[in-house]
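Residue numbers (the working numbering): 51 to 518.
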Amino acid sequence: MEPALGAHELLHVFSFLEARDLLCAAQVDKMWNEVARTEELWRQLCCRRWSSFKASGTVPGAQTWREYYLCRSELEFRMESGRPGKDFVCTALAGHIGSIDGLAYISTNECRFDGKEKSVVCSVSSDSTVRAWDLREGKEIWCSPCQPTALVNLVTYPQLQLVVTVDEQGLIKAWEAETGRERASFRLPTYSSALEACNHPKGPFLLAACAEGNLYALMLPQLQLVSRVTAFPNVPVQLLSSPDCQWVFASSQNSDLEPKVFHTASLVYPLDDEPPVLTTFSSCLRPQACWAPAEAARLIVMHPDGNSMQLVVSTYELRAKKSKQEVEIVVQQIASFLLPDSVKPPNLMRSHGSQVLLLVSGLQLVLFSIHGLQLAAFQDHQRPITSVWVDPSRVITSSLDLSLRVYVWKKENKFPVLKSCYHLLGGSHRWASGYMHVESDSMSIVGIEARSVGTSVLRSFCFKVERG
Numbered sequence: 051m052e053p054a055l056g057a058h059e060l061l062h063v064f065s066f067l068e069a070r071d072l073l074c075a076a077q078v079d080k081m082w083n084e085v086a087r088t089e090e091l092w093r094q095l096c097c098r099r100w101s102s103f104k105a106s107g108t109v110p111g112a113q114t115w116r117e118y119y120l121c122r123s124e125l126e127f128r129m130e131s132g133r134p135g136k137d138f139v140c141t142a143l144a145g146h147i148g149s150i151d152g153l154a155y156i157s158t159n160e161c162r163f164d165g166k167e168k169s170v171v172c173s174v175s176s177d178s179t180v181r182a183w184d185l186r187e188g189k190e191i192w193c194s195p196c197q198p199t200a201l202v203n204l205v206t207y208p209q210l211q212l213v214v215t216v217d218e219q220g221l222i223k224a225w226e227a228e229t230g231r232e233r234a235s236f237r238l239p240t241y242s243s244a245l246e247a248c249n250h251p252k253g254p255f256l257l258a259a260c261a262e263g264n265l266y267a268l269m270l271p272q273l274q275l276v277s278r279v280t281a282f283p284n285v286p287v288q289l290l291s292s293p294d295c296q297w298v299f300a301s302s303q304n305s306d307l308e309p310k311v312f313h314t315a316s317l318v319y320p321l322d323d324e325p326p327v328l329t330t331f332s333s334c335l336r337p338q339a340c341w342a343p344a345e346a347a348r349l350i351v352m353h354p355d356g357n358s359m360q361l362v363v364s365t366y367e368l369r370a371k372k373s374k375q376e377v378e379i380v381v382q383q384i385a386s387f388l389l390p391d392s393v394k395p396p397n398l399m400r401s402h403g404s405q406v407l408l409l410v411s412g413l414q415l416v417l418f419s420i421h422g423l424q425l426a427a428f429q430d431h432q433r434p435i436t437s438v439w440v441d442p443s444r445v446i447t448s449s450l451d452l453s454l455r456v457y458v459w460k461k462e463n464k465f466p467v468l469k470s471c472y473h474l475l476g477g478s479h480r481w482a483s484g485y486m487h488v489e490s491d492s493m494s495i496v497g498i499e500a501r502s503v504g505t506s507v508l509r510s511f512c513f514k515v516e517r518g
């Protein structure tokens with residue numbers, strides 16, 4: 051090439067290339083190789099491909115931006131191809147002697163490839179223990195002493211390395227995630243109907259609801275009571291926190307009670323003698339709801355239409371309007387549509403990004419836009435779907451057919467496209483009755499595999515990646 055380009059000019063040209071082209075350019079000669087390895091080029095590629103870097107600007111661990119890009123790209127290829135033995139290692143984690151009733155990751159959901167990457171989950175069981183598991187090592191890390199009654203739910207705080215459990219009588223306990231040492235406890239007056247981890251910008255809190263209809267806000271790590279309010283008198287409460295933890299959707303199974311949305315700050319930082327800030331959705335009886343993960347306060351609610359009893363899906367945006375005297379919640383409906391008769395009443399509802407709604411009905415997974423455009427429908431399972439996991443890169447469903455189904459998001463046109471990839475199979479049909487729950491982090495997938503004798507095991511799928 052005449053005249054020859056200098057390093058500065060090459061750097062400018064290379065800034066327009068994709069990763070594959072940079073790798074090819076590095077083979078030309080020594081100068082091209084050095085320029086193609088420039089950290090700023092690979093940092094820009096990482097930021098374009100993975101939006102999580104736009105805010106932090108730092109790469110996890112000790113590897114370079116180039117190493118990180120290549121390792122994570124390989125990991126995503128393996129998660130999309132899913133070839134047993136080549137792409138992942140499958141392990142059954144047995145230890146609980148009862149049914150597993152709760153599962154949550156305690157490791158942070160970040161990709162790192164410096165030898166310090168971990169996938170750690172905690173589980174609670176009817177055998178009255180909480181346990182921590184290293185999925186990549188395929189072994190139990192610790193087990194708590196046997197508790198007085200069965201443990202029924204848990205939430206985790208990865209940044210605090212804290213696990214919070216509740217038993218069937220409403221006793222809440224906080225545990226150190228690394229050692230299993232008990233840190234604090236708090237007793238609800240009745241059994242707990244919901245736990246919600248609230249990583250509020252001003253500090254982490256726990257929200258706990260109980261059968262008497264009260265909502266408790268507890269400060270961590272000591273589980274100190276901050277506030278108690280009545281959401282629904284004498285009715286169990288279900289909770290759903292917004293992505294930024296600024297809002298909490300509270301509902302009940304009582305068909306005559308309308309759901310409420312609380313401004314979280316008024317629960318965790320209450321003012322003396324001031325009631326919590328809330329609003330009621332007066333037209334939404336017997337609702338199902340989810341928050342749009344890419345928006346701070348976009349709530350999607352599905353409920354029966356008052357006249358025809360056909361299901362309506364409505365999307366709202368919330369904001370707090372502050373004045374000198376008070377805080378008012380402003381609710382604006384931005385979309386609504388009638389669910390087609392061809393779609394049976396869904397039992398599970400999730401959202402992706404800001405525009406896509408996922409509904410599970412029996413064997414079927416159906417995708418809609420928030421304006422009612424049907425985007426896709428899948429029926430890959432042979433028996434009903436029991437749970438669904440949705441994150442920015444994948445959708446995973448669990449089923450009673452003893453399999454997990456993996457789907458991958460593809461960016462095309464206005465709406466993302468979901469691609470059906472492969473099944474992850476569980477144990478023997480002679481001993482197992484199907485998967486009851488599934489969760490995932492950036493490097494692994496774990497499901498609760500129910501056994502026909504009333505016990506459960508965790509089955510993990512850890513994806514391989516070469517460092518360097």
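Every residue gets a Cβ at the ideal spot worked out from N, C-alpha and C, and that includes glycine. Because the structure is a prediction, the values reported are computed rather than measured.
| Query | Result |
| --- | --- |
| For Pro434, the nearest candidate out of Ala346, Leu413, Val445 (CA to CA) | Leu413 |
| Helix, strand or coil at Glu228 according to DSSP, with G and I counted as helix | coil |
| Nearest to Gln209 (by Cα), restricted to the options Pro271, Tyr266, Ser176, Asn264 | Pro271 |
| Close-in-space but distant-in-sequence residues of the same chain around Leu328 (CB under 6 Å, 5 per side omitted) | Lys310, Phe312 |
| Backbone CA spacing between Leu275 and Val214 [nearest angstrom] | 15 Å |
| Length of the line joining the Cα atoms of Ala500 and Leu212 | 26 Å |
| Secondary structure of Ala500, DSSP reduced to three states | strand |
| Any 3 or more C-beta pairs closer than 8 Å across the region 176–186 and the region 195–203 | yes |
| Minimum Cβ-Cβ distance from Asp71 to chain B less than 7 Å | Reference to chain B is not applicable here, since this structure consists of a single protein chain. |
| Helix, strand or coil at Glu367 according to DSSP, with G and I counted as helix | strand |
| Beta carbon of Asp430 nearer than 7 Å to that of Arg400 | no |
| Delimiting residues of the alpha helix (DSSP H) encompassing Thr314 | 314–318 |
| Distance between Glu124 and Asp137 (C-alpha atoms, nearest Å) | 10 Å |
| Top-ranked residue by Cα proximity to Val362, from Pro396, Arg348, Glu376 | Pro396 |
| Uninterrupted beta strand (DSSP E) stretches inside the region 236–271 (no shorter than 3 residues) | 242–250, 253–260, 264–269 |
| Integer Cβ distance of Ser519 from Ala346, believed to fall under 8 Å | Because the chain spans 51 through 518 in this model, residue 519 falls outside it and cannot be assessed. |
| CB contact flag (Phe282, Leu307, <7 Å) | yes |
| Opposing strand residues paired with Gln288 [DSSP bridges] | Ser301 |
| Euclidean distance between Cα positions of Phe66 and Leu73 | 13 Å |
| Of the residues Lys374, Gly422, Ser373, Val406, the one placed nearest Val393, counting alpha carbons only | Gly422 |
| Unbroken alpha helix (DSSP H) run spanning Leu120, endpoints | 115–131 |
| Per-residue DSSP class, three states only, for Phe282 | coil |
| Where Met51 sits in the DSSP three-state scheme | Only weak support is given to the placement of Met51: the predicted model assigns it a pLDDT of 45, under 50, and the value that follows is read from those uncertain coordinates. Correct three-state label for Met51: coil. |
| Length of the line joining the Cα atoms of Val31 and Val507 | Outside the shown range of the chain (51 to 518) lies residue 31, about which nothing can therefore be said. |
| Arg433 - DSSP class collapsed to helix/strand/coil | coil |
| Per-residue DSSP class, three states only, for Lys168 | coil |
| Alpha carbon of Asp151 to alpha carbon of Gly132, nearest angstrom | 28 Å |
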